[in-house]
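A.B. asks: Chains V and Z, in that order, are what the protein sequence lines are.
Using this note's numbering, the first residue of the first sequence is number 1, and each one after it goes up by one.
Using this note's numbering, the first residue of the second sequence is number 1001, and each one after it goes up by one.
By construction, the Cβ of each residue, glycine as well, lies at the ideal position given by its N, Cα and C atoms.
Encoded as structure tokens, here's the structure I'll be asking about.
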Amino acid sequence: AQSVTQPDIHITVSEGASLELRCNYSYGATPYLFWYVQSPGQGLQLLLKYFSGDTLVQGIKGFEAEFKRSQSSFNLRKPSVHWSDAAEYFCAVGGLTGGGNKLTFGTGTQLKVEL
Amino acid sequence: DGGITQSPKYLFRKEGQNVTLSCEQNLNHDAMYWYRQDPGQGLRLIYYSQIVNDFQKGDIAEGYSVSREKKESFPLTVTSAQKNPTAFYLCASSIRQLNNEQFFGPGTRLTVL
């Protein structure tokens, strides 16, 4: 069964500081990996995705993530955080299995930005 | 503009009543999904449908029902059998078999009094 672990429930960073959110996954084949962001009371917005190819993927809002197969990780990074980045971030894994187009989500990391 | 619409944004119901949450998409996507979100638990899949007139149970289907009579619409009914229905409900859609990327609606917050 596929699973996603986001070990950090809450993270606080100062505005302008760098950010790394951790994501570890378990999947039996080549995974498709996603990072979504959610503002309070809103739906999820896709930040970036990895399907194949270059293991460093660029997303919207200055975010990037690196796929490391040997570590089963897909950590999200941003060089300089802005106050507007405060939100909840979800990592998700899926793939072309018999289960169809299902994604499995992590429990999320709440990001707080101090001014 | 193409997108996913969920209505209403906020919904209040008395305990023991069934309630139906609306989800409509004009993205021409084949697949649609319903998730439940509770604090600290991430998103849990309730039901999903990959094609009209067909749907499958997700991880937490008990106490819920769905229908998929039209490609654009995937309503979710929260029945009185759902023991703890108060939650934030998210609808999503995707192009079937296109790398699983899902697009989300704005959500409906259901409160059962």
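(1) Can you have a look at Leu-103/V and say buried or exposed, based on whether 16 or more other CB atoms are within 10 angstroms of its CB?
(2) My understanding is that Thr-1077/Z touches Asn-1018/Z, with C-beta atoms under 8 Å, so please give their C-beta distance in whole angstroms.
(3) Would you tell me roughly how many angstroms separate the C-alpha atoms of Gln-1102/Z and Ala-29/V, rounded to the nearest one?
(4) Just the chain Z side, please: which residues come within less than 8 Å of Gln-42/V by C-beta, in chain order?
(5) So for Asp-1054/Z, helix, strand or coil by DSSP?
(6) With a threshold of 8 Å, are at least 3 pairs of Cβ atoms found where one atom belongs to the region 6-26 of chain V and the other to the region 1053-1072 of chain Z?
(7) Comparing the C-beta of Gln-45/V with each C-beta of chain Z, is any distance below 9 Å?
(8) Is Tyr-1047/Z close to chain V? Criterion is C-beta to C-beta, closer than 9 Å.
(9) Taking the alpha-carbon of Gly-34/V as reference, which of Pro-40/V, Gln-42/V and Asn-24/V has the nearest alpha-carbon?
(10) What does Thr-107/V reach in chain Z if we use C-beta pairs closer than 8 Å?
(11) Could you tell me which chain V residues have their CB closer than 8 Å to the CB of Leu-1090/Z, listed as they occur along the chain?
(12) Check for me: the beta strand (DSSP E) holding Phe-1088/Z runs from which residue to which?
(13) Taking 9 Å as the threshold (C-beta atoms), are Gly-43/V and Gly-1105/Z in contact?
(14) With a threshold of 9 Å between beta carbons, is Ile-9/V in contact with chain Z?
(15) So does the region 13-20 of chain V actually touch the region 1006-1024 of chain Z, counting three or more Cβ pairs closer than 8 Å?
C.D. replies: So, from the data block:
(1) buried
(2) About 6 Å; that satisfies the 8 Å criterion.
(3) Here the alpha carbon of Gln-1102/Z sits roughly 20 Å from the alpha carbon of Ala-29/V.
(4) Chain Z residues near Gln-42/V: Pro-1106 and Gly-1107.
(5) strand
(6) no
(7) yes
(8) Closer than 9 Å: no.
(9) According to the sequence displayed, residue 34/V carries Phe and not Gly. Among Pro-40/V, Gln-42/V and Asn-24/V, the Cα nearest to that of Phe-34/V is on Asn-24/V.
(10) Gly-1040, Gln-1041 and Gly-1042
(11) Gly-43 and Leu-44
(12) 1087-1094
(13) yes
(14) Yes, Ile-9/V counts as interfacial toward chain Z.
(15) no
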